[in-house]
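Structure record follows, encoded as structure tokens.
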Amino acid sequence: MANEKRLPELLSPAGGPLAGHAALDFGADAIYLGLQKFSARADAENFTLEELSEIIAYTRSLQPKKKVYVTLNTVIYEEELGEIIDILAQLSNLEVDALIIQDLGLAKLAQDHFPEIRLHASTQMAIHNLEGALTLKKLGFSRVTLARELTLGEIKEITQKSGIETEVFIHGAMCYSYSGLCLLSSAETGRSANRGMCTQPCREVFEIGGKKALPFSMKDLAVPGLIEELKKIGVSSMKIEGRKKSPPYVAAVTSYYRKILDGKISRREMEGLERDIRTIFSRPWTEAYYRSRENKEVIDPRNTGHRGLAIGKVERILPTPHGKEAIRFVTSVPIERHDGLQVEVPGLAKPYGFPVEFFLKERGKTIFSAPANSKVDILLPDRHPKLKAGTTVFLSSSISVKKKYLDKTTKPGKLEIKREVIVQVGLSAKGVVVSAKAKARHAGESDIVATHEEKLSLGDAKNPSETQKAVREAFEKLGDTPFALKEIEVKNPYKVFIPASKLNAIRREIAQKLQKKISSALVERAEKVKGLIAANHKKEAEKKAHSTQLKVSYSIKFDDAEKICLLDASEIKRLKEIVICVQGQDTSRLLNHLKFLSGLTGKNGIRLALPTITRSWEKEDLYEKIGELAKAGYSLWEVSNLSGFEFLKSGPGEKDISADWPLYATNHLALEALKGLGAKSAVLSPENGYDELKAISKSGAENKKVLVHQYTPLFISESCPKAAVFGCPGKSACTFGEIEVTSKKLGKFIITQKDCRATVRGSHPLDFTKNLPDIKALGYPEFRIDLSGKIYSRDEVSRILRKALR
Numbered sequence: 000m001a002n003e004k005r006l007p008e009l010l011s012p013a014g015g016p017l018a019g020h021a022a023l024d025f026g027a028d029a030i031y032l033g034l035q036k037f038s039a040r041a042d043a044e045n046f047t048l049e050e051l052s053e054i055i056a057y058t059r060s061l062q063p064k065k066k067v068y069v070t071l072n073t074v075i076y077e078e079e080l081g082e083i084i085d086i087l088a089q090l091s092n093l094e095v096d097a098l099i100i101q102d103l104g105l106a107k108l109a110q111d112h113f114p115e116i117r118l119h120a121s122t123q124m125a126i127h128n129l130e131g132a133l134t135l136k137k138l139g140f141s142r143v144t145l146a147r148e149l150t151l152g153e154i155k156e157i158t159q160k161s162g163i164e165t166e167v168f169i170h171g172a173m174c175y176s177y178s179g180l181c182l183l184s185s186a187e188t189g190r191s192a193n194r195g196m197c198t199q200p201c202r203e204v205f206e207i208g209g210k211k212a213l214p215f216s217m218k219d220l221a222v223p224g225l226i227e228e229l230k231k232i233g234v235s236s237m238k239i240e241g242r243k244k245s246p247p248y249v250a251a252v253t254s255y256y257r258k259i260l261d262g263k264i265s266r267r268e269m270e271g272l273e274r275d276i277r278t279i280f281s282r283p284w285t286e287a288y289y290r291s292r293e294n295k296e297v298i299d300p301r302n303t304g305h306r307g308l309a310i311g312k313v314e315r316i317l318p319t320p321h322g323k324e325a326i327r328f329v330t331s332v333p334i335e336r337h338d339g340l341q342v343e344v345p346g347l348a349k350p351y352g353f354p355v356e357f358f359l360k361e362r363g364k365t366i367f368s369a370p371a372n373s374k375v376d377i378l379l380p381d382r383h384p385k386l387k388a389g390t391t392v393f394l395s396s397s398i399s400v401k402k403k404y405l406d407k408t409t410k411p412g413k414l415e416i417k418r419e420v421i422v423q424v425g426l427s428a429k430g431v432v433v434s435a436k437a438k439a440r441h442a443g444e445s446d447i448v449a450t451h452e453e454k455l456s457l458g459d460a461k462n463p464s465e466t467q468k469a470v471r472e473a474f475e476k477l478g479d480t481p482f483a484l485k486e487i488e489v490k491n492p493y494k495v496f497i498p499a500s501k502l503n504a505i506r507r508e509i510a511q512k513l514q515k516k517i518s519s520a521l522v523e524r525a526e527k528v529k530g531l532i533a534a535n536h537k538k539e540a541e542k543k544a545h546s547t548q549l550k551v552s553y554s555i556k557f558d559d560a561e562k563i564c565l566l567d568a569s570e571i572k573r574l575k576e577i578v579i580c581v582q583g584q585d586t587s588r589l590l591n592h593l594k595f596l597s598g599l600t601g602k603n604g605i606r607l608a609l610p611t612i613t614r615s616w617e618k619e620d621l622y623e624k625i626g627e628l629a630k631a632g633y634s635l636w637e638v639s640n641l642s643g644f645e646f647l648k649s650g651p652g653e654k655d656i657s658a659d660w661p662l663y664a665t666n667h668l669a670l671e672a673l674k675g676l677g678a679k680s681a682v683l684s685p686e687n688g689y690d691e692l693k694a695i696s697k698s699g700a701e702n703k704k705v706l707v708h709q710y711t712p713l714f715i716s717e718s719c720p721k722a723a724v725f726g727c728p729g730k731s732a733c734t735f736g737e738i739e740v741t742s743k744k745l746g747k748f749i750i751t752q753k754d755c756r757a758t759v760r761g762s763h764p765l766d767f768t769k770n771l772p773d774i775k776a777l778g779y780p781e782f783r784i785d786l787s788g789k790i791y792s793r794d795e796v797s798r799i800l801r802k803a804l805r
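Each residue of the sequence shown is one higher than the last, beginning at 0 in numbering that gives the first Met the number 0.
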């Protein structure tokens, strides 16, 4: 048994306290949850610090103990750093098992000032290859949550070669885009997915190729048949999505995978649990790309939202004596009054749902429930849509199923995390002296000692050993405090007696003093960190004030070297850099274009950009490109994923690296983290508004580039929307290069496809050219014009340059 391979962790979502208890009670080894701010599920119930403390205490009361991971998995703006520091101090005090994070600045902050907290990389960091995981290891992360788009082979490579733990999703909703690379919600509504406020535009109806459909609406991930394979690969954690789901859902899905992981489930029990899950919440299931990157069955273009469990087919629509209508069908499962039903309606994106309010009477008797395999007539609501015989009926809500899980879920209580204390009590005829010490738990803490001295007139004890016992018993009564007695030393050389009532009063007093000191120490620690960061800010601001006025410069980015011809010689001379993407270009052809361009700019005027996404089958070509281009003397490079830093370790010569916006530099600490990886400059996020740009500029704006024009990629996806709606003709016969989609709610978008990877852009660019005077006044020295992703005419390019360079 000692050599038995340890099972992967089962990690379940906790959108709120009751869901957290449900997950733990039904078999989760760990839960992940968000606080009221900085969570990628901002509109979930989430946790207060008090609720977090309670559930941590609950996990520690279990045998074996369970774990709690806190998600701070949004980007962090400059002026939020102080608040984040306060939160980190509190989380350190609560000894959370790990933080799940996206922001590089937060990672640096935690590593530098709260190193006792383990860091897990959120899937929002879009880590999708070994190189990205290796970069995370360098940054101090102990675990990576891998992108959902990966195959089993890719997961195996990262798991077995990266040196850090891997976490993979096994169940739940999927984003259409790579997580962390979705900007559509932000661009169209101002509610950023990178701030936890996604409006789920991927679930909207679009017109595509003359047909109304849901080209971006993903099925739910479910991989019960792959659990054994993932165990063999050696992943550390299997994760269930669902922080916005109900406690019964969390309980049912956790129970399902717990039993599969443990190998303790029969086919019959498995089918029963699947029925429960589908009843509580489910879309159609998919294994995504685990088995093959060519899986085309990942999108549900016809329906969105909760479907439910299919329980029958409409036999007929019946008139009732009261002028209403009812549906007749044979139900495959028991149903009862107040359950919910749904029926698919052609042309509607969501099924028509209604509650079971009334069964039609049978032989004059009122019916409140019906057993499985019985024929039922259910009254329809007024103004229901037209329903047809043969349509599938779904059970979308079941009172009995919910009750089954809620009845077995522990309700959140008043448990409290207990910190162990060492108490010393000294007694004499003149009084008592007590000290209580909470020992430091890590390098970020010091021992905290509270003392209490009280003058008393104490007489001789009739039985001194009873005094010793009474003192111990008094200080063991710490139940209503955040402390637990670890050890106690009682010194009573004069063998005096002290009343139990006095001991209890002293215990309460010393506990209050110690708690106050611990709270003060937390505040002091946070303020010290803030002071260090503020001092660094001041230093940078002084440097900026004494530096000579920086010359404003511009760079332009193309996704194809042939687009260089859109610039004339005079325009090229006004640019500091021309950035060329290397992905998808023949190396010899690219070298020829670069040779021509370098004759006008010199090689120091050309920067070569690595792709945001580089999958396993694309890496060999990229490594070869880097080697040949570096050998040809091109030393300026740009990365837009953490993997880029590792890729650029290959090839000869020193490299000048810039970071593009998908690395989300939204605070000065993120910029410092990128600098630590080797980036000398960075393009700031297109989600930064004027206020965010102003805040970041206070630490010095040098080496920070501001996007002023771009058709921003709003989705980057491995899921082909055209294939989902119209079918896939096969790669060799595919002619899909670009297609337009429109939504009444969101407007028009352009989908481009290359090598089965889809990129979605809006019909209007991000354009800050009107705001340039204000942005320049903040001290930013360099501006980026990104002409990737669209075919421009020469006149359009000249017009954009005139607006930007004026």
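Using N, Cα and C, we set each Cβ at its ideal position, and we do this for glycine too.
Spatial distance of residue i from residue j (CA atoms)
i, j, result
"H667", "S657", "15 Å"
"A388", "P350", "15 Å"
"P247", "I326", "28 Å"
"A534", "A672", "18 Å"
"Y622", "L145", "22 Å"
"I154", "I232", "8 Å"
"Q101", "A608", "23 Å"
"A1", "K230", "With a pLDDT of 41 at A1, under the threshold of 50, the modelled position of this residue cannot be trusted; read the value that follows with caution. C-alpha separation (whole angstroms): 18 Å."
"D766", "L786", "12 Å"
"V375", "R277", "21 Å"
"K490", "Q467", "8 Å"
"T600", "K753", "30 Å"
"A22", "E227", "22 Å"
"N193", "Q35", "15 Å"
"P772", "L133", "41 Å"
"E488", "A473", "13 Å"
"R573", "Y175", "39 Å"
"L405", "A250", "8 Å"
"S178", "R614", "15 Å"
Residue i classed as buried or exposed, judged by whether at least 16 other C-beta atoms fall within 10 angstroms
i, result
"Q511", "exposed"
"Y256", "buried"
"E686", "buried"
"C564", "exposed"
"L10", "buried"
"F714", "buried"
"I790", "exposed"
"A568", "exposed"
"V522", "exposed"
Opposing strand residues paired with residue i [DSSP bridges]
i, result
"H119", "I99 and R142"
"D376", "R327"
"K210", "I207"
"R506", "None; R506 has no bridge partner."
"T165", "V143"
"C580", "A608"
"E806", "No answer is possible for residue 806: the residues shown for the chain start at 0 and end at 805."
"H451", "V433"
Distance between beta carbons of residue j and residue i, contact taken as under 8 Å
i, j, result
"L394", "I316", "With a Cβ gap of about 19 Å, L394 and I316 do not count as contacting."
"V95", "I55", "7 Å"
"E701", "K575", "Contact doesn't hold; Cβ gap of about 14 Å is too wide."
"M196", "R202", "Wrong, their Cβ atoms sit about 15 Å apart, outside the cutoff."
"Y710", "P764", "5 Å"
"A88", "A525", "4 Å"
"N640", "A109", "At roughly 21 Å, the Cβ-Cβ gap does not stay under 8 Å, so N640 and A109 are not in contact."
"R142", "A120", "7 Å"
Whole runs of the beta strand (DSSP E) within the region 718-796, excluding any shorter than 3 residues: 737-742, 746-753, 756-761 and 781-785
Please give me, in chain order, every unbroken run of the alpha helix (DSSP H) with length at least 4 that falls completely inside the region 623-684. Runs of alpha helix (DSSP H) with 4 or more residues, each lying fully within the region 623-684, are found at 642-646 and 667-676, listed in chain order.
Runs of 4 residues minimum, wholly inside the region 261-321: which ones carry the alpha helix (DSSP H) assignment? 266-279
Please give the ranges of any beta strand (DSSP E) in the region 334-416, keeping only runs that are unbroken, at least 3 residues long and fully inside the region. 339-342, 351-354, 373-378 and 391-396
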